[in-house]
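Numbering (the working numbering), first residue to last: 5 to 138.
Note that CB positions come from ideal geometry on N, CA and C, so glycine has one too.
These notes concern the structure reproduced below.
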Amino acid sequence: MRIVLDCNTVVSASLLEDSLSRRVVNWVIINCEILVSDEVYSEISEVLKRPKFKKYFPDREPDNLLIQIAAVAQQVETSEKITACPDPKDDMYLELAIAGQADCIVTGDKALLDLHPFRNVPIIFPAEFVRQFI
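Quick look at the structure:
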């Protein structure tokens, strides 16, 4: 199964080790093919390094989980520019899903969830992913 994890999901998983998002990410790392683009990787890395999140990482680097994801992820080059989200920054996840022929996008972002499905790609909450696949 080919999966796109959005920033919301990866950041939640990184901040809270006992979270549902972390359960999803850990399972996906082992059992699925994670799709990532340079743009998505950069956004997640930048968000994790924001000062407001520093308190969550007193004894570890903020991007440890992202590095684990990158080690197993398939790098995808996106070519099609999509403009479907109210927040234009979210379009990169749709572009990645289409270019990488994703089986689903996992997100907690309402703007993305409202587009479910996008060109036959399901867009689901982490909780729904757990119900369906874990």
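Exercise. With DSSP collapsed to three states, give me the class of R54.
Key: Indexing the sequence shown from 1 puts residue 54 at position 50. Note: R54 maps to coil in three-state DSSP.
Quiz item: How big is the Cα-Cα spacing for K56 and A103?
Solution: Mapped onto the sequence shown, residue 56 falls at position 52. Mapped onto the sequence shown, residue 103 falls at position 99. If you take the alpha carbons of K56 and A103, they lie about 33 Å apart.
Self-check item: Buried/exposed call for M152, threshold 16 Cβ in 10 Å
Solution: Residue 152 is absent from the structure shown; the chain starts at 5 and stops at 138.
Quiz item: Does the Cβ of V83 have 16 or more other Cβ atoms within 10 Å, making it buried, or fewer, making it exposed?
Solution: Here residue 83 refers to the residue found at position 79 when the sequence shown is read from its first residue. Note that residue 83 is Ser in the sequence shown here, rather than Val. S83 comes out exposed.
Practice problem: Report buried or exposed for D42, applying the criterion of at least 16 other Cβ atoms within 10 angstroms of its Cβ. | Solution: Counted from its first residue, the sequence shown places residue 42 at position 38. D42 should be labelled exposed.
Self-check item: Pick from L39, L24, P62 and A17 that is closest to I7, judged by C-alpha positions
Solution: Numbered from 1 along the sequence shown, position 3 holds the residue referred to as residue 7. The shortest Cα separation from I7 among L39, L24, P62 and A17 belongs to L39.
Quiz item: Beta carbon of D113, beta carbon of D95: below 8 Å?
Solution: As a working mapping, residue 113 is identified with position 109 in the sequence shown. As a working mapping, residue 95 is identified with position 91 in the sequence shown. Not closer than 8 Å, so no.
Quiz item: So the alpha helix (DSSP H) I73 belongs to, where does it begin and stop?
Solution: One-based indexing of the sequence shown puts residue 73 at position 69. Per DSSP, I73 belongs to the alpha helix (DSSP H) from N68 to V76.
Quiz item: Taking three-plus beta-carbon pairs below 8 Å as touching, is the stretch 129 to 138 in contact with the stretch 18 to 36?
Solution: yes
Exercise. Round the Cβ separation of V51 and V80 to the nearest angstrom and send it over; I've been treating them as touching at under 8 Å.
Key: Residue mapping note: residue 51 aligns to position 47 of the sequence shown, counting from 1. Residue mapping note: residue 80 aligns to position 76 of the sequence shown, counting from 1. Rounded, the Cβ-Cβ distance is 20 Å, inconsistent with contact.
Practice problem: Within the same chain, show all residues whose beta-carbon is closer than 7 Å to that of I109, passing over the 5 residues directly before and after it, in chain order. | Solution: In the sequence shown, residue 109 corresponds to position 105, counting from 1. V8, D10, Y97, A101, L116, V125 and I127, listed in sequence order.
Self-check item: Nearest-angstrom beta carbon gap, T87 and T13 [assumed within contact, 8 Å]
Solution: Here residue 13 refers to the residue found at position 9 when the sequence shown is read from its first residue. Here residue 87 refers to the residue found at position 83 when the sequence shown is read from its first residue. That pair is no contact at about 22 Å.
Quiz item: In angstroms, rounded to a whole number, what distance separates the CA positions of Q78 and F122?
Solution: Sequence index remark: in the sequence shown, residue 78 carries index 74 (1-based). Sequence index remark: in the sequence shown, residue 122 carries index 118 (1-based). About 21 Å.
Quiz item: Does the distance from the CB of S49 to the CB of D63 come in under 8 Å?
Solution: Position 45 of the sequence shown holds residue 49. Position 59 of the sequence shown holds residue 63. It is not a contact, given that the beta carbons lie outside the stated cut-off.
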